[in-house]
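Take a look at the structure:
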């Protein structure tokens, strides 16, 4: 088992962290993550390259992601085992929030 | 070929490391008036070239290490940011607007705080090497006949210490402002 600190630091996740990690279920380089996140959130969430670079370096240091390869000077990243586990835990947490919202929200979401 | 002097404009302007966003706004406004930033010949001296008015967003990053900048260069290129130049470790980037929303290189508070922490790191080195060190030497050297040197070190050391402490406090203030926005 990984050091407990990484769970504490990553859970619950900020929206950008969640979407960046979610993009790395397959190998992608920085710009491709930015595009992917913007596409799947329909343009709502934009990540700038300065922020992207900082987050990738930090996640790589913390061994949540790793370098999968390099092509044309672009580094491709992917999730490590710890990263995969974190994303799984976060999806479960978000599902609970969502289910309870529907169950106890009194239909507020439909207004 | 040399530019016609009517087409170029040189402006002197200084800014503190906590004021980089005002700097971005200024350069963005200059571009909308048709003055496009070319380079800084010396710290504070900006050269602009007159052209068409453009909706371009300028953004600044602080990096004291050239190798660090090299590492993210490809990412900035891919994202459509053009490198416009450097001054005192500030790196200038620009990108044309696509729509009404201003493009940004830093999109969360955390990465902005990290940028100011890089400033603080570099300024602490300056404070120690150009401020505290000469000041301590001037206080420790006791031998006669070195009065001129002692006076010089004391003047330089205390002046730089004062400037650095003020600059760093203002930058820390900016960090706290960003932290309170969470």
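Chains as they are written, first to last, in our numbering: chain V, 12 to 122; chain E, 743 to 924.
Glycine residues also receive a C-beta, built at the ideal position from the N, C-alpha and C atoms.
Residues bridged to residue i [DSSP beta-bridge criterion]
i             : result
residue 88/V  : 39/V and 78/V
residue 754/E : 787/E
residue 832/E : 804/E and 829/E
residue 779/E : 790/E
residue 837/E : 799/E
residue 824/E : 836/E
Closer than 7 Å to chain V by CB, residue i
i             : result
residue 864/E : no
residue 847/E : yes
residue 814/E : yes
residue 856/E : yes
residue 900/E : no
residue 881/E : no
residue 853/E : yes
residue 806/E : no
residue 779/E : no
residue 762/E : no
residue 817/E : yes
residue 749/E : no
residue 820/E : yes
Chain E contact for residue i (CB, 7 Å cutoff)
i             : result
residue 52/V  : no
residue 64/V  : yes
residue 80/V  : no
residue 23/V  : no
residue 102/V : no
residue 42/V  : yes
residue 59/V  : yes
residue 84/V  : yes
With 16 other Cβ atoms within 10 Å as the buried cut-off, status of residue i
i             : result
residue 848/E : buried
residue 84/V  : exposed
residue 27/V  : buried
residue 912/E : exposed
residue 899/E : buried
residue 881/E : exposed
residue 916/E : buried
residue 800/E : buried
residue 55/V  : exposed
residue 785/E : exposed
residue 31/V  : buried
residue 75/V  : buried
residue 873/E : buried
residue 93/V  : buried
residue 884/E : exposed
residue 888/E : exposed
residue 67/V  : buried
residue 843/E : exposed
residue 825/E : exposed
Residues near residue i by beta carbon distance below 7 Å, same chain, minus five either side
i             : result
residue 100/V : 22
residue 791/E : 745, 749, 750, 778 and 780
residue 923/E : 851
residue 831/E : 804, 805, 806 and 864
residue 783/E : 789
residue 829/E : 782 and 785
residue 57/V  : 49
residue 903/E : 869, 873, 874 and 877
Contacting residues, own chain, Cβ-Cβ under 6 Å from residue i (five flanking each side not counted)
i             : result
residue 714/E : The requested residue 714/E is not part of the displayed model; chain E covers only 743 to 924.
residue 97/V  : 21
residue 691/E : Here chain E has residues from 743 to 924 only, and residue 691/E is not among them.
residue 796/E : 773
residue 798/E : 773, 836 and 838
residue 869/E : 906
residue 760/E : 912, 913 and 916
residue 39/V  : none
residue 70/V  : 76
residue 743/E : Because residue 743/E carries a pLDDT of 44, less than 50, the predicted location of this residue cannot be relied on, and no value is offered for it.
Spatial neighbours of residue i in its chain, beta-carbon cut-off 8 Å, leaving aside the 5 residues before and after
i             : result
residue 772/E : 778, 779 and 790
residue 52/V  : 30
residue 860/E : 804, 805 and 806
residue 764/E : 757
- Item | Given 8 Å, three or more beta-carbon pairs between the stretch 51 to 63 of chain V and the stretch 843 to 857 of chain E | Yes: at least three Cβ pairs fall under 8 Å.
- Message: With a threshold of 8 Å, are at least 3 pairs of Cβ atoms found where one atom belongs to the stretch 855 to 867 of chain E and the other to the stretch 100 to 118 of chain V?
- Response: The stretch 855 to 867 of chain E, when compared against the stretch 100 to 118 of chain V, does not touch it at the 8 Å Cβ threshold.
- Message: So, does the stretch 88 to 97 of chain V touch the stretch 22 to 37 of chain V, judging by three or more C-beta pairs under 8 Å?
- Response: Segment contact: the stretch 88 to 97 of chain V against the stretch 22 to 37 of chain V, three or more CB-CB distances shorter than 8 Å; contact assigned.
- Query: Taking one C-beta from the stretch 37 to 48 of chain V and one from the stretch 63 to 81 of chain V each time, how about it: are there three or more such pairs within less than 8 Å?
  - Reply: Judged by Cβ distances under 8 Å, the stretch 37 to 48 of chain V makes contact with the stretch 63 to 81 of chain V, as three or more pairs qualify.
- Please determine if the stretch 865 to 879 of chain E and the stretch 892 to 908 of chain E are in contact, where contact requires at least 3 C-beta pairs separated by less than 8 Å. They touch, by the three-pair rule.
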